[in-house]
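Protein sequence lines correspond, in order, to chains A and B. Heads up, the first sequence is in numbering that gives the first Met the number 0, so the first residue is 0 and it goes up one at a time. Heads up, the second sequence is in numbering that gives the first Met the number 0, so the first residue is 0 and it goes up one at a time. To keep things clear, I will list the structure first and then write my remarks on it.
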Amino acid sequence: MKYLPNILDIKAETTLNLLLARAKKVKTHSIDEYIESGGYKALKKALSMDPKEIIDWVDKSQLRGRGGAGFPTGKKWQFAVQNPPPRYFICNADESEPGTFKDRVLIERDPHLLIEGMIISSYAIGAEKAFIYIRGEYPAGYYILRNAIEEAKSRGFLGNNILGSGYSLDIYVARGGGAYICGEETALIESLEGKRGHPRLKPPFPVQKGLWGCPTVVNNVETICNIPIIVEKGWEEYRYIGPSEYPGPKLFPVSGKVKKPGVYELPMNTTLRELIFKYAGGTLGNKKIKAILSGALDCFSADELDTPMDYSPKGFGGTGTVIVLTEEDNIVELCLKIAEFYEHESCGQCTPCRVGCYEQHNLLKKIIKGDASEKDWEAFVYINKHIQPTSICGLGAVAGRLIRQAMEKFPKEFERYKPTVVKY
Amino acid sequence: MFEKELEEKLKDHINYFPRKEQAILMCLHEIQNHYGYIPKESLKPLSDMLGLPLNHVEGVVAFYDMFDTESPARHRIRVCVSIVCHFMQKDKLISALKKKLGIEMGEVTEDGRFKLIPVQCIGGCSEAPLFMIDEDTYKFEGEEKLDEILAKYT
């Protein structure tokens, strides 16, 4: 490659050697290195299969979306192919949630795994055009993907009549412009159409009416990287990876106050305790854990360390993100940062989220200064509760959630900011 | 109209996508890279090239955080102020940058070399605290290393 911006040496470790088989090394793997280690074999196998059979395999593999929602991937594909072509396939590489940096590692180090997954997925759903929407803050990833696509074209894995199969596909890469909301699939589609990233009302879902009103599948980077593994191993063998209800490898980006932060590839029955102590080396200075932010920015206390990473009601689910805070960290300050984040990232389309996130942040600023009256507290609790049920999209749905969880789990931390308490 | 070199780059982006309006964000990145910001006068010729109404282009520019129509700067330093960096001592990084550049967040140095911009999560949290200069991403490894990094951008 002619030009590559500076990228980070993020630690990546794996016990499974699947998604991170190559990406555990800090380097961008070329197409030759990818093929030498068994790459593009799954594509050859897939092209000899009926597209319906691939969808069936993905369904039976029980793969769930790794972007946060955990929706069964095979089901999403089945819905899409019920609608007439043209169909489109989109890779959501707009990873922007605080503490999440797992997709970055896959894109920057093993771009062909993603490309191979996209070609198989597009073939399965009958798409002839596919898109990668990568967040604006990952310029290196953009250049790496553009380069990898050219490499794949030159070997006949992309373009017209792929490997003589009669199937043709083009993949386009688009950069975002620094808007968290564009990770929401309908906002992403709007943005890819050249508009402001305003989420659409659902239904219709993208599998019914997505890009330019056509059936569209939007899958996350990590989800797509599972596809070549499923095709190569077969769904039966894939089901043996990890717990039987939630099979497959999972990436956990671990950050905050731990000794060995990084991305860990582990089975989904891994608990927070194992992640933090067995893999991430425990807390910095061996301090006591105060709180863990996990999943889709949910707040867990030190009493909940045995929570497994899965999509069951008691699991921490989501993107697999783990941010560890220890005893010296202030929970109200954490809530203030969260409120600041959502205020900044609200797209401004619907009133409950636009005004709610703004007021939630303002009131919390007042609270942390010690200037909040009883009335301010009431308003704060009221707003926090009402952003969720009245907003259009998922951002509004979670904008108050962590703060509410923190108030329930750490009531004492909030007590000292209440007006009835004497201030020193 | 744009200078020839920039116009060619914009045309490349527009021809790349199945529909030309899809290139809008790519073109805005390109314009910002070229001028160090997005001059308001560039929006009308861009809207003509994309076949979009001017107010559509203006609406898009205003929506996306990375685009700046206000202050030109040769290099943009984006400092993460989000949750992980906040608890991993981002304030040390910010005060080092402010001291070295003699500006506050949101300001441009007198010589137009750097603009200091607070941003939400950059997505590399294991290496926090983080910052970007233009397209490069860095972790903060002390003031000496910071000097070395800044020296690369003239």
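Quick reminder that beta carbons are idealized off the backbone N, C-alpha and C, glycines included. Just so you know, these numbers come straight off a predicted model, no measurement behind them.
query	result
8 angstroms Cβ cutoff met for isoleucine 82 of chain B and leucine 250 of chain A	no
DSSP three-state assignment for valine 420 of chain A, whether helix, strand or coil	With a pLDDT of only 49 at valine 420 of chain A, under the threshold of 50, the placement of this residue in the model should not be trusted, and no figure is reported.
Contact list for the region 333-347 of chain A against chain B, Cβ threshold 9 angstroms	Leu333, Lys336, Ile337, Glu339, Phe340, His343, Glu344, Cys346 and Gly347
DSSP bridge partner residues for tyrosine 132 of chain A (one or two, in chain order)	A/Asn91 and A/Ala173
Under 8 angstroms (Cβ pairs) to chain B, residues found in the region 249-271 of chain A	Pro252, Val253, Ser254, Gly255, Lys256, Pro260, Gly261 and Val262
For cysteine 349 of chain A, three-class secondary structure by DSSP	coil
Residue-level contact to chain A via CB, leucine 27 of chain B, 8 angstroms cutoff	yes
In chain order, each beta strand (DSSP E) run of at least 3 residues that lies wholly inside the region 55-113 of chain A	86-92
Inter-stretch contact (C-beta, 8 angstroms, three-pair minimum) for the region 56-66 of chain A and the region 237-255 of chain A	yes
Positions along the region 95-124 of chain B whose CB lies within less than 8 angstroms of some CB in chain A	Val118, Gln119, Cys120, Ile121, Gly122, Gly123 and Cys124
Chain A within 8 angstroms of leucine 53 of chain B, Cβ atoms only	no
Opposing strand residues paired with proline 260 of chain A [DSSP bridges]	DSSP, once it has assigned bridges, lists no residue as partnering proline 260 of chain A.
Interface flag, aspartate 47 of chain B vs chain A, CB-CB below 8 angstroms	no
Beta-carbon proximity of lysine 417 of chain A to valine 59 of chain B, cut-off 8 angstroms	no
Length of the line joining the Cα atoms of lysine 10 of chain B and alanine 173 of chain A	15 angstroms
Distance between glycine 140 of chain A and serine 300 of chain A (C-alpha atoms, nearest Å)	35 angstroms
Under 9 angstroms from the C-beta of threonine 136 of chain B: neighbouring residues of chain A	Pro4, Asn5, Ile6, Leu7, Glu136, Tyr137, Pro138 and Ala139
Any C-beta of chain A under 8 angstroms from that of serine 81 of chain B	yes
Exposure of methionine 0 of chain B, with buried meaning 16 or more beta-carbon neighbours within 10 Å	exposed
Per DSSP, cross-strand counterpart(s) of glycine 255 of chain A	A/Val323
Cut-off 8 angstroms between Cβ atoms - residues of its own chain near isoleucine 53 of chain A, not counting five sequence neighbours on either side	Ala45, Ile119, Tyr122, Ala123 and Val230
The region 69-87 of chain B in contact with the region 115-135 of chain B per 3-pair CB rule at 8 angstroms	yes
Test: glycine 280 of chain A CB closer than 8 angstroms to a CB of chain B	no
C-alpha gap between leucine 18 of chain A and asparagine 285 of chain A, whole angstroms	31 angstroms
Interface positions of the region 109-139 of chain A facing chain B (Cβ-Cβ less than 9 angstroms), listed along the chain	Lys128, Phe130, Arg134, Gly135, Glu136, Tyr137, Pro138 and Ala139
Sequence ranges, alpha helix (DSSP H) only - wholly within the region 40-88 of chain B, length at least 4	42-49, 53-62 and 82-86
Reference arginine 108 of chain A, options A/Trp211, A/Ala11 and A/Gly98, closest by Cα	A/Ala11
Per DSSP, the bridge partner or partners of cysteine 459 of chain A	Nothing in the structure corresponds to residue 459 of chain A, since chain A is present only between 0 and 423.
Interface flag, phenylalanine 1 of chain B vs chain A, CB-CB below 8 angstroms	no
Residues of its chain near arginine 103 of chain A, where Cβ-Cβ distance is below 7 angstroms and the 5 sequence neighbours each way are ignored	Glu94, Tyr137 and Gly140
Buried or exposed by the 16-neighbour rule on C-beta atoms within 10 Å, applied to glycine 101 of chain B	exposed
Beta-bridge partners of aspartate 135 of chain B, as assigned by DSSP	B/Ile132
Residues bridged to isoleucine 116 of chain B (per DSSP)	B/Arg77
Buried or exposed (CB count within 10 angstroms, at least 16 for buried), arginine 154 of chain A	exposed
Identity of the residue in A/Gln81, A/Asn160 and A/Lys128 nearest tyrosine 15 of chain B by Cα	A/Lys128
Contact list for leucine 191 of chain A against chain B, beta-carbon separation under 7 angstroms	Gln21
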